[in-house]
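Residue numbers (our numbering): 117 to 184. Each residue gets a CB set at the ideal place from its N, CA and C atoms; glycine is no exception. Below: one structure, written as structure tokens.
Following this line, the structure appears as structure tokens:
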């Protein structure tokens, strides 16, 4: 029985350096993605504000055109 116990422990070796590097790379990628999401959400907010401003300006111009 000790033989089967030792073979099962050998089937799951400790994390290798490559595995740890892979995990760090994935964490770094996730961090980058989170940062880009935040940047894009901020940009979307700015664009919505610009859209709102332009719509207001358009309404003013249309009102002036109708008034003349």
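Roughly how many whole angstroms lie between the Cα atoms of residue 210 and residue 141?
Absent from the model: residue 210. The displayed extent of the chain is 117 to 184, so no value can be given.
Inter-residue Cα distance where the pair is residue 133 and residue 148:
22 angstroms
In this structure, does DSSP put residue 132 in helix, strand or coil?
coil
In angstroms, rounded to a whole number, what distance separates the CA positions of residue 155 and residue 162?
11 angstroms
Suppose you measure from the CA of residue 164 to the CA of residue 130; what does that come to, to the nearest Å?
Taking the straight line joining both Cα atoms gives about 51 angstroms.
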